[in-house]
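For the sequence shown, my numbering assigns the number 2 to the initial residue and increments by one for each residue that follows.
All C-beta atoms in this analysis are idealised placements derived from N, C-alpha and C, irrespective of residue type, glycine included.
Read through the structure below, which is laid out as C-alpha cells, and then see the notes.
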Amino acid sequence: MDVRDQRIDSDQIDDLRLAGGSQPGPGEGFSPLEVVQDGRLLRVRVAEFVDLPEAHLWQSRRPESFLVTQLRDGIRAVGDSGLAHELAAGRLTPRPRTIRSVPRLSPVQCEAFTSCLTPGVRLVWGPPGTGKTHVLSEAINALAEAGKRVLLVSATNIAVDNALAGVLRQRSQAPGDLVRVGTPQLAEIASDPLVSLTHLVRDRLAEVDRRREELSRQLVALREDGDRLAAEEEALAGFDPQADARARALIAATDRIPGLAAQAHTAAGQRDACRQALRQSEVVLFGAQAALAQTDDSRAALASIAELQRQVAEAQQAADRVAVQALTANDEAVRLEGAVRELRAGSRLARWRNRHTIARMEAAARDQREVAGRAERTAQERRGLLARFRGDTADQVATLRTRVVFTAAQIDRRLTAVEDARRARATAAQQAAEADACHQDLHETLVAAEAGPQASESDRAAVRHADEADLPGRYQRMLRLREQVAASAPRRVSLEQEYAKAQEEFDRLRRNAERTVISEAKVVATTLARMRLSKVVLDGPYDVVLVDEVGAATVPEVLLAVSRAGTTAVLLGDFLQLGAVIPNGLDRSEDPAVQRWLRRDVFAVCGNTSAADARANPGCTTLAVQHRFGPDVMKLANAIAYDGQLEPGPGVRAHASDDPEIVLVDTDGADDVGLVRATSRTAGWWPVGALLARALADFHHNDGESVGVVTPYRHQAEATLEAFRDQESEHGTPTEVGTAHRFQGREFDVVVFDLVEDHTDRRWMAQARADRPGFPRDGFRLFTVAITRVKSRL
Numbered sequence: 002m003d004v005r006d007q008r009i010d011s012d013q014i015d016d017l018r019l020a021g022g023s024q025p026g027p028g029e030g031f032s033p034l035e036v037v038q039d040g041r042l043l044r045v046r047v048a049e050f051v052d053l054p055e056a057h058l059w060q061s062r063r064p065e066s067f068l069v070t071q072l073r074d075g076i077r078a079v080g081d082s083g084l085a086h087e088l089a090a091g092r093l094t095p096r097p098r099t100i101r102s103v104p105r106l107s108p109v110q111c112e113a114f115t116s117c118l119t120p121g122v123r124l125v126w127g128p129p130g131t132g133k134t135h136v137l138s139e140a141i142n143a144l145a146e147a148g149k150r151v152l153l154v155s156a157t158n159i160a161v162d163n164a165l166a167g168v169l170r171q172r173s174q175a176p177g178d179l180v181r182v183g184t185p186q187l188a189e190i191a192s193d194p195l196v197s198l199t200h201l202v203r204d205r206l207a208e209v210d211r212r213r214e215e216l217s218r219q220l221v222a223l224r225e226d227g228d229r230l231a232a233e234e235e236a237l238a239g240f241d242p243q244a245d246a247r248a249r250a251l252i253a254a255t256d257r258i259p260g261l262a263a264q265a266h267t268a269a270g271q272r273d274a275c276r277q278a279l280r281q282s283e284v285v286l287f288g289a290q291a292a293l294a295q296t297d298d299s300r301a302a303l304a305s306i307a308e309l310q311r312q313v314a315e316a317q318q319a320a321d322r323v324a325v326q327a328l329t330a331n332d333e334a335v336r337l338e339g340a341v342r343e344l345r346a347g348s349r350l351a352r353w354r355n356r357h358t359i360a361r362m363e364a365a366a367r368d369q370r371e372v373a374g375r376a377e378r379t380a381q382e383r384r385g386l387l388a389r390f391r392g393d394t395a396d397q398v399a400t401l402r403t404r405v406v407f408t409a410a411q412i413d414r415r416l417t418a419v420e421d422a423r424r425a426r427a428t429a430a431q432q433a434a435e436a437d438a439c440h441q442d443l444h445e446t447l448v449a450a451e452a453g454p455q456a457s458e459s460d461r462a463a464v465r466h467a468d469e470a471d472l473p474g475r476y477q478r479m480l481r482l483r484e485q486v487a488a489s490a491p492r493r494v495s496l497e498q499e500y501a502k503a504q505e506e507f508d509r510l511r512r513n514a515e516r517t518v519i520s521e522a523k524v525v526a527t528t529l530a531r532m533r534l535s536k537v538v539l540d541g542p543y544d545v546v547l548v549d550e551v552g553a554a555t556v557p558e559v560l561l562a563v564s565r566a567g568t569t570a571v572l573l574g575d576f577l578q579l580g581a582v583i584p585n586g587l588d589r590s591e592d593p594a595v596q597r598w599l600r601r602d603v604f605a606v607c608g609n610t611s612a613a614d615a616r617a618n619p620g621c622t623t624l625a626v627q628h629r630f631g632p633d634v635m636k637l638a639n640a641i642a643y644d645g646q647l648e649p650g651p652g653v654r655a656h657a658s659d660d661p662e663i664v665l666v667d668t669d670g671a672d673d674v675g676l677v678r679a680t681s682r683t684a685g686w687w688p689v690g691a692l693l694a695r696a697l698a699d700f701h702h703n704d705g706e707s708v709g710v711v712t713p714y715r716h717q718a719e720a721t722l723e724a725f726r727d728q729e730s731e732h733g734t735p736t737e738v739g740t741a742h743r744f745q746g747r748e749f750d751v752v753v754f755d756l757v758e759d760h761t762d763r764r765w766m767a768q769a770r771a772d773r774p775g776f777p778r779d780g781f782r783l784f785t786v787a788i789t790r791v792k793s794r795l
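Next up, the structure:
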C-alpha cells in the first residue's frame with residue numbers, strides 16, 4: 002500500500018485488520034501475518050485464503066492521549082533514577098578521560114564511541130552526514146561483545162534501522178542477540194532472521210504455525226473452488242442452457258429431415274419388396290397344394306391298403322395268441338404230470354404223506370390238458386378264418402393297388418413342399434406387415450418434421466460458438482462445482498473459526514515468545530513510543546541506553562528512556578534539525594511547565610542552543626566533519642544553520658563545473674501554472690512545482706538515483722503526490738514526497754526542494770528569518786532538514 006499521504010503510526014501496526022468497506026468490530030477482520038514498512042510503502046502479508054470482494058486495511062487508532070498517559074505513568078514509576086535525575090537537571094558527565102581508538106573512526110568519533118562504553122550520561126551533537134549512525138553501530142557491537150545489555154531507541158523507525166543495519170554488516174552476533182521491536186522501515190532489517198522479532202518468534206511457534214498454515218491450506222483449497230466457480234459463472238454469464246437446448250433440438254430436427262426422407266424412401270422400397278415376396282410365396286403355396294391334390298386318390302388307396310393290412314395283422318396276432326395259450330397249458334400239464342410221477346416214485350409212506358398234493362396236482366394236470374385241448378381247437382378254427390380273411394384281403398389290396406399312381410415317397414415330398422410353402426408364406430406376410438408399419442411410421446415422422454419449426458442460421462451460429470467455447474460442458478461442470486461449493490460452505494465456516502482460534506493462540510503464544518526473546522536479547526532496538534507500549538521492553542534492565550535523533554524527541558520521553566539505564570546513557574542528535582511534534586494546543590502554550598519540558602529539547606535542557614554552546618559543553622561531543630554531501634550544500638547549511646561548524650570529510654569532493662551540486666529553478670516565466678494558490682496567509686500550492694518535481698524525478702530515476710521531493714506545505718505535497726501517482730508503475734519504487742517532517746533521518750541521491758514561492762507574495766519560507774518574531778528557528782530548521790537530506794544534488 003502506498004502510504005505517502007497517510008499518517009501511519011508505525012507503533013500501532015499490530016492493530017491493523019484486513020476487512021471490507023466497513024470498519025471491523027472487535028474480533029472481526031483478518032490479522033496480517035507480517036507487516037513491513039518500506040519507506041512510504043506498507044507491505045502487508047495476509048493469509049492466502051482471505052477473499053474479500055473489496056479489501057480495506059483498517060488501523061484501530063488509540064486515543065491521542067494514550068501515549069501521553071503511558072508516558073506520564075512511566076515517569077511516575079521511575080522514582081529517583083540517577084542518570085535521568087542528572088539529565089533533568091541538565092548535568093552531563095564530562096567527556097571520557099581515556100579515548101579508545103577504533104580503526105574505522107575519526108578521533109572525535111572515537112570520543113563519542115568511548116562515551117557509549119563509559120558510565121555517565123552524555124550528549125553527542127552530530128549534524129547530518131557526520132557519522133552518528135556509524136558510531137552507534139560500532140558502539141552497539143562492542144557493548145554486546147562485552148556482555149552489556151543495550152537499549153537503542155529513537156524518535157523514528159528509520160534511525161533505529163540504520164543503526165542496526167550497521168551492526169548487522171559486521172555479523173558478529175548470534176541470532177537473538179539483537180532484537181528489533183516494532184515495524185522496521187528497512188527491508189533488510191525486516192527480513193533478517195537474526196534480528197527481526199517476527200522471524201525470531203516464529204521459530205519458537207513452529208507447531209502452532211504449522212497448524213495455522215494447514216488450516217490456511219485447506220481454506221485456500223476451498224477458496225480456489227470458489228474462484229473457479231466465479232470464473233465459470235463469469236465465462237457463462239451470457240449462456241442460456243435452455244435456449245441452447247432448444248436451438249440444438251431445432252438443429253437436430255432440421256438436420257434429420259433429409260435422413261428421414263432417405264429412410265422413408267428406402268422403407269417404401271423394402272415394403273414393396275416384401276409385398277412382392279408375399280405374392281410369390283402365395284403362388285408357390287398354391288402350386289404345392291395343387292400338386293398335393295393330384296395325389297389324393299393314391300393317398301386314399303394307400304390308406305385303405307394300409308388299413309386292410311392292419312386288420313390282417315391284428316387277426317394273425319389274435320390266432321397266434323390262442324395257439325400260444327394252448328402251448329402254454331399243454332406245457333403246464335406236462336410239468337404237473339412229471340411232478341406227480343416223481344411223488345409216486347417215492348416210498349409208500351412218502352406217497353401217503355403226499356397223497357393230497359398228488360391228488361391236487363393230478364387234478365390240475367387234467368385241467369391244463371382240457372384248457373390246452375380247447376385252445377388248440379379254437380386256434381385251429383381261427384387259422385381257417387385267417388386263411389379265408391387273407392384271401393379276401395389280398396383280392397381287395399390287388400384291386401386298390403390298381404388305383405395307386407404315386408409312391409409314398411413322392412406323396413411325402415409333396416406334403417413337405419406344402420408345409421414349407423405355408424411357413425414361407427407366413428414369414429413373408431409378417432415381413433410385409435412390418436415393412437408396411439415401418440414405412441408408415443417414417444412417413445408420418447417426416448411429414449411432422451417438415452411441418453414443424455426449422456433451425457435458423459442464428460441458431461446454428463449460437464451453437465457453434467457454444468461448442469467452440471465448450472459452454473455446455475463448462476455449464477455442467479459449473480453446476481457440479483456450485484453444488485460442491487454449497488456443500489463445503491459449512492466446512493469453510495468451521496475452518497475459518499478454527500483458523501481464528503489458531504490465530505488467537507498464535508498471537509497469545511507470540512506475545513509470550515516475544516517477551517522471552519526480548520528479555521533474552523543483548524540489544525533491544527525500538528522507538529521511544531514503542532518502548533513505553535511494551536512492558537518487557539520498558540522493564541529492562543539495561544546497562545546502556547542509546548537514544549538516536551534525540552533532538553526530535555520530547556524531554557519527558559527521553560527521561561523515561563534514560564531512567565532505564567544502569568550505568569550509561571548517550572543521547573545523539575542535532576538540535577538544528579526539526580524538533581519533536583508537540584500535541585495540538587500545546588505548541589503555543591505559555592505555561593511554564595510546557596515551556597520547560599515540551600518546547601525545549603534535551604540539548605537546550607543541558608544548555609546547548611548553538612554550535613558554540615555544544616563545543617563548549619564538556620558533556621557534549623561535537624561531530625563536525627560530514628561525509629554525505631558536497632562542499633556547496635555544506636556551505637549553504639553552514640550559512641543557514643551551522644555557523645560554519647561543518648567541515649568536509651576526506652571523501653568530500655567538489656563537483657565539476659558542468660555538474661552543479663545545487664541547481665536553482667526560476668519559475669517566473671511559467672505563467673499561470675507558476676502562480677501560488679494560497680491555502681492560508683502563509684501557505685499554498687502551485688501546479689508548476691508538481692510538474693517540475695515529476696520531470697526531475699523521472700530524469701534522475703533513469704540514471705538509477707534515488708529521489709526525494711520536499712516541500713514546506715501539506716497541500717503542495719498532496720498535489721505533487723497525485724502528479725506522481727498518475728504515471729508511476731505499481732512495480733517500480735515510488736518517489737518519496739512530503740514535508741520536511743517526514744524526511745528527517747532519511748537521505749537521497751537527489752533532493753528536489755519545492756519552496757512554493759512566486760513573485761506575488763512572500764510566504765512562510767521566504768519570511769523565515771532569525772530576527773522575525775514567531776519564526777526564530779522553525780523555518781530555518783525545515784530548510785536545514787530539506788537541504789541536508791541530499792547526497793549528490795539539490
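DSSP assignment within the segment 414 to 496 yields the following whole alpha helix (DSSP H) runs of 4 residues or more, N-terminal first: 458 to 469.
Ranked by Cα distance from Ala526, the options Thr94, Gln171, Ile190 are led by Ile190.
Shortest Cα-Cα distance from Ala741 to any of Arg715, Arg415, Ala231, Glu729 involves Arg715.
In the structure shown, Lys792 falls within a strand segment according to DSSP collapsed to helix, strand and coil.
When C-alpha distances from Leu187 are compared across Ala175, Arg211, Val161, Val209, the shortest belongs to Val161.
When DSSP reads this structure, Trp686 sits in a beta bridge with Arg678.
The C-alpha of Ala562 lies about 38 Å from the C-alpha of Arg211.
Relative to the Cα of Arg616, the nearest Cα in the group Tyr643, Ala263, Arg361, Pro632 belongs to Tyr643.
The way I'd put it, the segment 749 to 759 does touch the segment 678 to 692; three or more beta-carbon pairs between them come closer than 8 Å. Exclusion of the five residues before and after Val786 leaves Gln578, Leu579, Ala741, Phe744, Gln745 as the residues of its chain whose Cβ lies within less than 7 Å of its Cβ. Each of Ala376, Arg300, Leu572 was checked against the Cα of Ala140, and the nearest Cα belongs to Leu572. Counting only unbroken stretches of 3 or more residues, the beta strand (DSSP E) elements lying wholly within the segment 530 to 615 are 543 to 549, 566 to 574, in sequence order.
Counting of Cβ neighbours within 10 angstroms places Gly177 among the buried residues, the total reaching 16 or more. For His57, no alpha helix (DSSP H) run applies; the uninterrupted beta strand (DSSP E) run containing it begins and ends at 57 to 60, by DSSP. For the pair Val556 and Val606, the CB atoms are nearer than the 8 Å cut-off. Secondary structure of Val168 (DSSP, three-state): helix. With respect to the 8 Å criterion, Thr528 and Thr199 are not classified as neighbours on the basis of their beta carbons. Here Gly167 really is in contact with Ser138; their C-beta atoms are around 3 Å apart, less than 8 Å. Counting only runs of 4+ residues, the alpha helix (DSSP H) found wholly inside the segment 209 to 296 occupies 242 to 294, in chain order. Annotation: Pro632 to Val666 spans about 20 Å, alpha carbon to alpha carbon.
Taking 8 Å as the cut-off, the beta carbon of Cys275 is found no closer than this to the beta carbon of Ala487. For a cut-off of 8 Å, the C-beta gap from Leu34 to Arg44 is around 11 Å, too long to register as a contact. Ranked by how close their Cα comes to the Cα of Pro542, the residues Leu152, Pro108, Gly21 have Leu152 in first place. In the DSSP assignment, Glu189 falls within the alpha helix (DSSP H) that extends over 188 to 191. Here the alpha carbons of Leu124 and Phe50 stand approximately 51 Å from one another. Shown here, Gly121 sits in a strand according to DSSP, grouped into three states.
For Ala20, the pairing in a beta bridge is given by DSSP as His57. Leaving aside the five residues that flank Val595 on each side, the residues in its chain whose CB is nearer than 7 Å to its CB run, in chain order, Leu587. In the structure shown, Leu43 adopts extended strand secondary structure according to DSSP, grouped into three states.
About 21 Å separates the beta carbons of Pro120 and Thr623, which is beyond the 8 Å limit, so they are not a contact pair. A distance below 7 Å between beta-carbons, with the five flanking residues on each side excluded, links Gly709 to the following residues of its chain, in chain order: Glu737, Phe744, Arg747, Phe749, Val752, Arg790. In the DSSP assignment, Leu179 is bridged to Val524.
Taking C-beta separations shorter than 7 Å and ignoring five residues to either side along the sequence, Thr99 has no partners in its chain. The beta carbon of Glu112 lies closer than 8 Å to those of Arg96, Pro97, Ile100, Thr622 in the same chain, with the five residues before and after it left out. In the three-state reduction of the DSSP assignment, Gly739 falls in the strand class, which pools E and B. Here Asp460 really is in contact with Ala248; their C-beta atoms are around 4 Å apart, less than 8 Å.
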